[in-house]
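Enquirer:
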Amino acid sequence: MCRFRFALRRYLVKGRFLIPYLWPAGNRPMQLSFLGVFVLLIIGRVVNLLTPIYHKKIVDGLSSTVAPFRADLIIFYVFLIFCQGGSASGGLLNSIRSLLWVKVQQHSSRRISMALFRHIHNLSYRWHLNRKTGEVLRIMDRGVDSVNQMLNYLAFNIVPTILDILIAVAYFCVSFNYMFGLIVLFTMVAYLTFTILITEWRTKFRVEMNDRDNDLNALAVDSLLNFETVKCCNAEEAELKRYSTGIKKYQRAEFKTSLSLSLLNMTQNSVISAGLLAGSLLCAYFVASKKHGFTVGDYVLYAAYIMQLYQPLIQQSFIDMDNMFELFGQPPDVKDIAGAPAIVIQKGKVEFRDVSFGYAQDKIILQNVSFIIQPGETIAVVGPSGSGKSTLTRLLLRFYDCTSGSIFVDDHNIALVTQSSLRQHIAVVPQETNLFNQSIKFNIGLGRANASDHEIFEAASIAEIHERILSFPEGYECMVGERGLKLSGGEKQRVAIARAVLKRPSIIILDEVRQIFVYS
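With this note's numbering, the residue at position 401 of the sequence shown is 401, and numbering never jumps.
1. Would you identify the three-state DSSP class for L166, choosing helix, strand or coil?
2. So, does the CB of L137 fall closer than 8 Å to a CB anywhere in chain B?
3. Decide if the stretch 328 to 344 is in contact with the stretch 154 to 168; the criterion is three or more beta carbon pairs, one per stretch, under 8 Å apart.
4. Quick one, which of N130, V189, V501 has its alpha-carbon nearest S461's?
5. Cβ atoms of V207 and G134: under 8 Å apart, would you say?
6. Taking the beta carbon of H55 as the centre, do at least 16 other beta carbons fall within 10 Å, making it buried, or is it exposed?
7. For the stretch 269 to 316, which segments carrying the alpha helix (DSSP H) assignment without a break, of at least 4 residues, lie completely within its bounds, in sequence order?
8. Candidates R504, E491, K441, D453: which alpha carbon is nearest C478's?
9. Using CA atoms only, rank isn't needed, just tell me which of P29, V287, F357, A235 is closest to L392.
10. Which same chain residues end up closer than 7 Å to N148 when comparing Cβ atoms and leaving out the 5 residues on each side of it in sequence?
11. Please state the DSSP three-state secondary structure of P505.
12. Grab me the residues of N152's own chain with a C-beta within less than 6 Å of its C-beta, minus the 5 sequence neighbours each way, in chain order.
13. Applying the criterion that 16 or more other CB atoms from any shown protein chain within 10 Å of the CB defines a buried residue, is M324 buried or exposed?
14. Please list, in chain order, all residues of the same chain as I337 whose beta carbon is under 8 Å from its beta carbon, the five residues on each side excluded.
15. Could you tell me which of L41, G91, F69 sits nearest to F79, measuring between CA atoms?
16. Go through its chain and collect everything with a Cβ distance to I364's Cβ below 8 Å, but skip five positions before and after it.
17. Is it true that the CB of T187 sits closer than 8 Å to the CB of V296?
18. Between which two residues does the alpha helix (DSSP H) carrying S421 extend?
19. Between the Cα of N226 and those of L185, E239, L487, spot the shortest distance and give me the residue it belongs to.
20. Could you tell me whether the stretch 188 to 204 touches the stretch 236 to 251, using the rule of 3 or more Cβ pairs below 8 Å?
21. Just to confirm the assignment, what range does the beta strand (DSSP E) spanning S113 have?
22. Where does T378 land, buried or exposed, given buried means 16+ other C-beta within 10 angstroms?
23. Is D410 near K347, with beta carbons less than 8 Å apart?
24. In chain order, what residues of the same chain lie with their CB nearer than 6 Å to the CB of T257, ignoring the 5 residues before and after it?
25. Please state the DSSP three-state secondary structure of G358.
26. Does the pairing of the stretch 491 to 498 with the stretch 464 to 474 give three or more beta-carbon distances under 8 Å?
27. Curious, which full-length beta strand (DSSP E) runs of at least 3 residues does the stretch 371 to 417 contain?
28. State the beta-bridge partners of A451 as determined by DSSP.
29. Just reading off the alpha helix (DSSP H) that V184 is part of, what are its end residues?
30. Since G61 contacts L73 with CB under 8 Å, what's their CB separation in whole angstroms?
31. Need the endpoints of the alpha helix (DSSP H) that D60 sits in, please.
32. Put I364 into one of helix, strand or coil per three-state DSSP.
33. Quick one: grab the DSSP three-state call for F436.
34. What does the alpha-carbon distance come out to for the pair P332 and R126?
35. Quick check: what's the CA-CA separation for Y299 versus S280?
36. What does the alpha-carbon distance come out to for the pair V174 and G293?
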């Protein structure tokens with residue numbers, strides 16, 4: 001029972017997370033679509049009740065030797081089937097409801113996707129360094145897909161099934177016999193209980209499969225991004241072997257998941273069959289003994305209605321959302337303080353005051369570092385690899401907070417201002433220039449979102465790459481390839497310099513000595 005309550009509480013927590021995204025606040029047409037879906041859902045419940053009732057009337061009419069032939073009953077029954085869709089999912093009501101629902105679902109999915117994307121970008125530099133890009137992308141894809149499935153499931157399975165069960169219990173208690181209402185109630189309670197308990201048990205198999213899927217996707221993305229290294233090292237076969245091992249691990253986990261799913265389906269089928277058997281035997285007994293005025297049509301009605309209540313309530317979507325919820329629950333290491341103002345930089349004075357920092361507690365990179373860079377001053381920081389030169393840049397951009405000490409820009413403590421406003425005034429040409437797989441104009445234009453084409457061309461001229469870009473067949477629309485690999489190393493650096501120039505920063509950092517000479 002404790003396990004049941006824990007599982008139910010877990011599902012309710014996730015359900016509460018989804019509800020705010022479900023209602024399209026501030027969008028009147030979308031709200032009308034949502035209400036239309038709800039109205040059609042109610043009409044569908046009425047149709048589900050009337051369909052077996054009219055089936056009963058037809059059977060009773062055909063079984064009677066004195067009742068006249070009623071073509072109108074058959075016509076109306078077929079119309080109900082047309083609206084309901086019978087055993088198919090393409091009934092009139094369901095089709096209209098799906099058309100209305102798709103926009104609501106897209107709106108909800110878009111909001112969740114944007115919220116997740118924004119949250120991941122807001123996570124700290126440290127978090128991104130410790131995660132695999134392919135794994136994060138797979139979690140995002142699977143999480144958003146599972147939300148779509150869950151929203152569909154909520155609108156087309158869970159809510160309708162609960163309403164159908166309540167209507168069925170009330171109808172059988174009033175129109176049949178209270179024992180039939182109890183049979184339906186106990187059957188559905190047992191069905192839901194077993195479904196939740198077994199699903200909770202099989203969650204570990206689904207989680208393992210998702211983990212193997214994440215690993216496999218991360219491996220594939222990592223290998224393909226480093227295709228040049230793979231070719232240079234003649235490591236194609238080694239990579240293929242790694243990928244094959246990853247596939248085998250995933251398939252083993254997938255088999256366990258499929259096996260547990262089969263057990264769940266068999267249990268669900270057994271419970272439904274037991275409820276159908278109990279009610280059918282009772283109904284057949286009443287018909288045969290002519291008790292309570294039961295007819296053959298009543299037997300048909302009971303069997304048909306019970307089968308309508310059956311829905312494959314499998315909580316795979318909830319499981320697939322687990323990793324996404326973990327991402328949403330991941331707090332950023334570096335946060336703006338409440339009410340932090342935007343920094344206003346007029347001169348560009350930089351001061352490190354007794355700064356200490358380490359990426360780990362037992363690995364201190366900087367210790368009690370203090371220096372001042374006056375406005376307009378150019379300095380060079382030199383030292384061996386690993387001495388902390390790039391770390392100074394990361395601290396100034398506030399990718400990390402200092403372990404101790406403070407950093408000031410124009411006498412403003414950067415820990416007390418917004419990160420966004422701080423980074424708006426600083427441009428960096430990094431050691432390794434990674435470009436988006438977009439046009440050259442797009443990559444330079446990242447420096448300032450509202451820059452005109454003329455300003456982009458001017459920045460490229462300052463970086464001495466404008467003429468080179470014009471020599472390309474597509475000019476500024478030339479695609480640079482994955483991570484800019486279609487460009488030479490020097491061309492990539494000049495694009496990065498042009499981007500930094502376009503930003504019109506108060507502070508510019510060139511994170512490599514030879515780049516300083518290029519820029520000068």
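For every residue, glycine included, the Cβ atom is placed at its ideal position computed from N, Cα and C.
Expert: So, from the data block:
1. helix
2. This model lacks chain B altogether, as it is built from one protein chain only.
3. no
4. V501
5. no
6. When all chains shown are included, H55 counts as buried.
7. Runs found: 296 to 309.
8. In terms of CA proximity to C478, K441 leads the group R504, E491, K441, D453.
9. F357
10. Cβ neighbours of N148 within its own chain (closer than 7 Å, five residues either side excluded): Q105, S109.
11. Secondary structure of P505 (DSSP, three-state): coil.
12. none
13. Its Cβ being crowded by 16 or more others within 10 Å, M324 is buried.
14. Closer than 8 Å at the Cβ level, and outside the excluded window around I337, lie A415, L416.
15. G91
16. S356, F357, G358, T403
17. Annotated as distal: V296 and T187, with beta-carbon spacing of 8 Å or more.
18. 419 to 424
19. The residue with the shortest Cα to Cα distance from N226 is E239.
20. no
21. From DSSP, S113 is part of no beta strand (DSSP E) but of the alpha helix (DSSP H) over 92 to 122.
22. exposed
23. With contacts defined by Cβ atoms closer than 8 Å, D410 and K347 form a contacting pair.
24. F205, R206, M209
25. strand
26. Short answer: they touch.
27. 404 to 409
28. In DSSP, A451 forms no bridge with anything.
29. 178 to 225
30. 7 Å
31. 28 to 63
32. DSSP places I364 in strand when its eight states are reduced to three.
33. coil
34. Approximately 9 Å between the Cα atoms of the pair.
35. 7 Å
36. 14 Å
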